[in-house]
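J.:
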Amino acid sequence: ASLELGPYSHFMQKEIHEQPKALSDTIEPLLEAGFVPELFGANAKELLSKVDGVLILACGTSYYAGSVARYWLESIASVPCQVEIASEYRYRDAVANPNWLVVTLSQSGETLDTMEALKYAKSLGHDKTLSICNVRESAIPRSSEMVFYTRAGAEIGVASTKAFTTQLLALFALTATLAKIKGRLSDTQEQSYLDALRHLPGSVQHALNLEPQIKIWADRFAPKEHALFLGRGVHYPIALEGALKLKEISYIHAEAYPAGELKHGPLALVDDNMPVVVIAPNDVLLEKVKSNMQEVRARGGELFVFADLDSHFSESEGVHVIRTPRHAGVLSPVVHAVPVQILAYHAALQRGTDVDKPRNLAKSVTVE
Ligand code: G6P
Numbered sequence: 241a242s243l244e245l246g247p248y249s250h251f252m253q254k255e256i257h258e259q260p261k262a263l264s265d266t267i268e269p270l271l272e273a274g275f276v277p278e279l280f281g282a283n284a285k286e287l288l289s290k291v292d293g294v295l296i297l298a299c300g301t302s303y304y305a306g307s308v309a310r311y312w313l314e315s316i317a318s319v320p321c322q323v324e325i326a327s328e329y330r331y332r333d334a335v336a337n338p339n340w341l342v343v344t345l346s347q348s349g350e351t352l353d354t355m356e357a358l359k360y361a362k363s364l365g366h367d368k369t370l371s372i373c374n375v376r377e378s379a380i381p382r383s384s385e386m387v388f389y390t391r392a393g394a395e396i397g398v399a400s401t402k403a404f405t406t407q408l409l410a411l412f413a414l415t416a417t418l419a420k421i422k423g424r425l426s427d428t429q430e431q432s433y434l435d436a437l438r439h440l441p442g443s444v445q446h447a448l449n450l451e452p453q454i455k456i457w458a459d460r461f462a463p464k465e466h467a468l469f470l471g472r473g474v475h476y477p478i479a480l481e482g483a484l485k486l487k488e489i490s491y492i493h494a495e496a497y498p499a500g501e502l503k504h505g506p507l508a509l510v511d512d513n514m515p516v517v518v519i520a521p522n523d524v525l526l527e528k529v530k531s532n533m534q535e536v537r538a539r540g541g542e543l544f545v546f547a548d549l550d551s552h553f554s555e556s557e558g559v560h561v562i563r564t565p566r567h568a569g570v571l572s573p574v575v576h577a578v579p580v581q582i583l584a585y586h587a588a589l590q591r592g593t594d595v596d597k598p599r600n601l602a603k604s605v606t607v608e
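Residue numbering for the sequence shown follows UniProt numbering, starting at 241 and increasing by one per position.
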C-alpha cells in the first residue's frame, strides 16, 4: 500500500490531493466539445430534447452533489428539479412525470438503494434515465439509457472526496447542456462557463494549498464532541457535505443548517463549546450570512469562516477566517468542498480514527 500512497498517509488524503487531476480529466471532453448532448451518450440528443424537469436520486455524499445541482438547474437552465434520497423514493408512492429526466448519482454504480430507486422510477414510466457514475460498466450505468462517467480514478477511502467534486462537474455540464438545448445559453455565456471550467483545477489547487492553515483549525476541533456547519444557497449542500465528512471519519457529531434557519432551533445549542464552521464566499447571500454569524458570536460561539478574498472578512475575537480562492463564480461550491474535506481529515487524524475505513461504514453499500 505504501507504494500506492506515495507521499501521502492515507488514501483519503491522496484522493483529496488528486482532485485537480480528477477534475481536469473529467473536464477534458467538455472543453473539446462544448456543452453538447453527446457528452451523455449517442441517444442523448433525442432524449434530452424532451426533458422539462429533473429528478435526482442518490445516497450519501452523492445526494449532496445532487442538492448542489438543483440550484444550478433551476437558476441556469430554468429546469425544475427535485433531489431525493434513493432509499426514501423507492418506498414512496411517487407521482411520475415521464417528461422528467431521472438522474442517478453513484460513485460505485452499485449502491443497492440507488439501483432499486432507478428500477422503481422506470416501473412508474420514466424512460429518460441518466447515470452519472465513476465506475465503468457497473450495475447502475448498465441499467440507464444515458451515461456520463466521471474520471476521478479509483476511489478507495470510504469517505468520498474526488468522486464528489467530479460529480459536481458532470452535473454542471448537464445543467449547461440543458440550458443550451432550451435556448437559454448564449455563446458568450457558454464561453465564460468553459473558461471557468478551465480555471477550476487551478482554484482547487489553491484550496489544497490551505492545508497547513486548516490543520491548525482541525487541532482545535479534535477535542470537541459537536460542531455546526452553516451555508446558504448553493453552499448549503457544501455545509451538509462538510458535516457528513466530519462525522464519518472523526466521529464528531456534526450538523449542517442553512444559516437562515439557525434561529429556528440550533441557535439554542450554541455556546463557547460549539465550533461553528461557515461557508461564506462572496455571493448574493453574503450579507445575510454575516448577520447569521453575529447571532452566533452574540452567544459566545466560536466561528471558523471559509471566505473568499472578495468577502472582506477580518479576524476578530472568536472569529477565525481562512481565505479561499476567489473568482470561482458559479463553480464556487466545487472549490469550497475541498477545505471541509481537509478539515475533517485532519480532525480525524488528531483523534486517531481509522480514516480510510471508519467504523461501521462501507465504501459501497450493496445491501439494504
Ligand atoms: C456509502 C459511502 C459514501 C457514499 C455512499 C453512496 O455510504 O460510504 O461515501 O457517498 O455510499 O455511494 P455511491 O457509490 O452510490 O456514490
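We put the CB at the ideal spot given by N, CA and C, even for glycine.
Relative to the C-alpha of L297, which candidate in D523, L352, L549 has its C-alpha closest?
T.: Ranking the options by Cα distance to L297, first place goes to L352.
J.: Checking 7 Å against the spacing of the C-beta atoms, do T415 and I478 come in under that value?
T.: No, the Cβ-Cβ distance between T415 and I478 is not below 7 Å.
J.: Using the C-alpha atoms, what's the distance from Y248 back to Y491?
T.: In a straight line, the C-alpha of Y491 is about 22 Å away from that of Y248.
J.: Output yes or no for whether 7 Å exceeds the beta carbon distance between I489 and P573.
T.: Contact flag unset, no.
J.: Enumerated in chain order, which unbroken segments of the beta strand (DSSP E) with a length of 3 residues or greater are wholly contained in the UniProt domain "SIS" (284 to 424)?
T.: Counting whole runs of 3 or more residues, the UniProt domain "SIS" (284 to 424) contains the beta strand (DSSP E) stretches 293 to 298, 321 to 325, 340 to 346, 369 to 373, 386 to 389.
J.: Would you check if the distance between the CB atom of V323 and the CB atom of S307 is smaller than 7 Å?
T.: Yes, the pair counts as a contact, with Cβ atoms nearer than the cut-off.
J.: Identify whether R537 lies in helix, strand or coil by the three-state DSSP scheme.
T.: In this structure, R537 counts as helix in the three-state DSSP scheme.
J.: Given a threshold of 16 other Cβ atoms within 10 Å of its Cβ, counted over all protein chains shown, does K503 qualify as buried or as exposed?
T.: Classification of K503: exposed, given that the 10 Å Cβ count is below 16.
J.: Following a CB-centred definition, is C373 positioned closer than 6 Å to any heavy atom of the ligand G6P?
T.: Checking every heavy atom of the ligand G6P against the Cβ of C373, none is found closer than 6 Å.
J.: Restricting to Cα atoms, I'd like to know which of G423, H576, T390, K464 is closest to S264.
T.: S264 has its Cα closest to that of T390, out of G423, H576, T390, K464.
J.: Which complete alpha helix (DSSP H) runs does the UniProt domain "SIS" (457 to 598) hold, if anything under 4 residues is left out?
T.: Here the runs fully enclosed are 476 to 490, 526 to 538, 572 to 591.
J.: Out of H366, Y311, R332, L358, state which residue places its alpha-carbon closest to the alpha-carbon of P338.
T.: If we check each option's Cα against that of P338, H366 comes out closest.
J.: Just checking V335 against the ligand G6P - is the residue's beta carbon closer than 6 Å to any of the ligand's heavy atoms?
T.: Outside the cutoff, so no.
J.: Starting from A602, follow the alpha helix (DSSP H) in both directions and report where the run begins and ends.
T.: Per DSSP, A602 belongs to no alpha helix (DSSP H) and is neither H nor E.
J.: Rounded to whole angstroms, what's the CA-CA distance from K530 to S426? Just pull it up for me.
T.: About 34 Å.
J.: Helix, strand or coil, according to DSSP, for V276 in the structure here?
T.: Of the three classes helix, strand and coil, the one that applies to V276 here is coil, per DSSP.
J.: Would T405 and Q259 be called neighbours here (beta carbons separated by less than 7 Å)?
T.: The answer is yes: Cβ separation under 7 Å.
J.: Quick test of your reading: L408 and I267, contact by CB under 8 Å. State the CB separation rounded to the nearest angstrom.
T.: Incorrect: roughly 11 Å between the Cβ atoms, too far for contact.
J.: By alpha-carbon positions, which one of E395, V517, F412 ends up nearest to R310?
T.: The option with the nearest alpha carbon to R310 is F412.
J.: Considering just the uninterrupted stretch of the alpha helix (DSSP H) at L450, what are its terminal residues?
T.: Taken as a continuous stretch (DSSP letters only), L450 belongs to no alpha helix (DSSP H), as it is neither H nor E.
J.: For A282, which three-state DSSP category applies?
T.: Looking at A282 - three-state DSSP - the assignment turns out to be coil, as it is neither helix nor strand.
J.: For the alpha helix (DSSP H) containing E258, name the first residue and the last one.
T.: Where E258 is concerned, there is no enclosing alpha helix (DSSP H), given that its DSSP letter is neither H nor E.
J.: For the stretch 543 to 550 and the stretch 509 to 522, state whether three or more C-beta atom pairs, one from each stretch, are separated by less than 8 Å.
T.: Contact holds: three or more Cβ-Cβ distances are below 8 Å.
J.: So does the stretch 584 to 597 actually touch the stretch 454 to 474, counting three or more Cβ pairs closer than 8 Å?
T.: Enough Cβ pairs lie closer than 8 Å, so yes.
J.: Please state whether DSSP places S249 in a helix, a strand or coil.
T.: Correct three-state label for S249: coil.
J.: Under 8 Å Cβ to Cβ from H257, same chain only, skipping five residues before and after it: list those, please.
T.: Contacts found: Y248, L448.
J.: So is L313 buried or exposed if we call it buried at 16+ other beta carbons inside 10 Å?
T.: Counting Cβ neighbours within 10 Å, L313 comes out buried, since at least 16 surround it.
J.: Measuring straight from C-alpha to C-alpha, what distance separates A538 and R563?
T.: Between A538 and R563, the C-alpha separation is close to 23 Å.
J.: Is there a C-beta anywhere in chain D that falls below 7 Å from the one on E385?
T.: This model lacks chain D altogether, as it is built from one protein chain only.
J.: Please state whether DSSP places E268 in a helix, a strand or coil.
T.: Of the three classes helix, strand and coil, the one that applies to E268 here is helix, per DSSP.
J.: To the nearest angstrom, how far is it from the Cα of A568 to the Cα of L525?
T.: In a straight line, the C-alpha of A568 is about 16 Å away from that of L525.
J.: Using a Cβ-Cβ cutoff of less than 6 Å, which residues in the same chain neighbour Y476 once the five nearest sequence positions on both sides are dropped?
T.: Closer than 6 Å at Cβ, skipping near neighbours: P498.
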